[in-house]
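*Asks:*
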Amino acid sequence: MFGIGTTLKVGAIVFGLSALLLLLLPGLFLDLLQLDGQSAALQWSMRMIGLTLIALAANMWLVSKSTSERTVTTAAVVMTVVAAGLGLLTLVIPAELGWFTIAYALVGFAFAASYLACLIRLASHHRKGS
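The opening position of the sequence shown corresponds to residue 2 in our numbering, with each subsequent residue numbered one higher.
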């Protein structure tokens with residue numbers, strides 16, 4: 002549906018890979034973000050986030066296969082806000098902004114922009130069709 006399904010699938014893959022990294026190597030992820038990669042509490046938090054990302058990735062993949070325009074569109078609206086929020090939260094990290102942090106934020110903003118562009122195309126199509 003105007004690229005929303007594809008964006009959801011790619012996002013599911015990115016979140017799935019991020020989840021694996023968070024579950025298997027949380028210290029590395031924290032180090033890349035310029036946070037304390039040795040902190041047991043932070044590593045635990047990253048693993049918890051990794052588990053929730055698996056659920057989100059699975060849901061995104063399943064929604065991408067939906068034939069219901071309303072379901073896919075609603076997911077795109079939610080993911081636009083979530084992706085932009087992840088980008089913003091990444092930039093206000095309580096650590097020095099390194100290359101990985103900036104790249105991670107840009108990925109969030111890129112997904113937000115992709116979802117938004119898809120939603121605009123869909124809205125334009127509906128205006129032309131009515």
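A virtual CB, placed ideally from N, CA and C, is assigned to each residue, including glycine.
In chain order, what residues of the same chain lie with their CB nearer than 6 Å to the CB of L22, ignoring the 5 residues before and after it?
*Replies:* Taking the first residue of the sequence shown as position 1, residue 22 is located at position 21. So the qualifying residues of the chain are F30.
*Asks:* Considering just the uninterrupted stretch of the alpha helix (DSSP H) at S65, what are its terminal residues?
*Replies:* Locating residue 65 in the sequence shown gives position 64, where the first residue counts as 1. Unbroken alpha helix (DSSP H) run through S65: A41 to S65.
*Asks:* Please work out which residues of its chain come closer than 7 Å, Cβ to Cβ, to M47, disregarding the five sequence neighbours upstream and downstream, and give them in chain order.
*Replies:* Taking the sequence shown and counting its residues from 1, one reaches residue 47 at position 46. L23, P27, F30 and L31.
*Asks:* So for A96, helix, strand or coil by DSSP?
*Replies:* The residue given as residue 96 occupies position 95 in the sequence shown. In the structure shown, A96 sits in coil (DSSP, three-state: anything other than H, G, I, E or B).
*Asks:* Ordered along the chain, which non-local residues of its own chain (more than five positions away) have a Cβ less than 8 Å from that of L43?
*Replies:* Taking the sequence shown and counting its residues from 1, one reaches residue 43 at position 42. Cβ within range, chain order: P27, L31, L36 and D37.
*Asks:* Identify which residue in L90, A84, A56 and K129 has its Cα closest to the Cα of S115.
*Replies:* Numbered from its first residue, the sequence shown carries residue 115 at position 114. S115 has its Cα closest to that of A84, out of L90, A84, A56 and K129.
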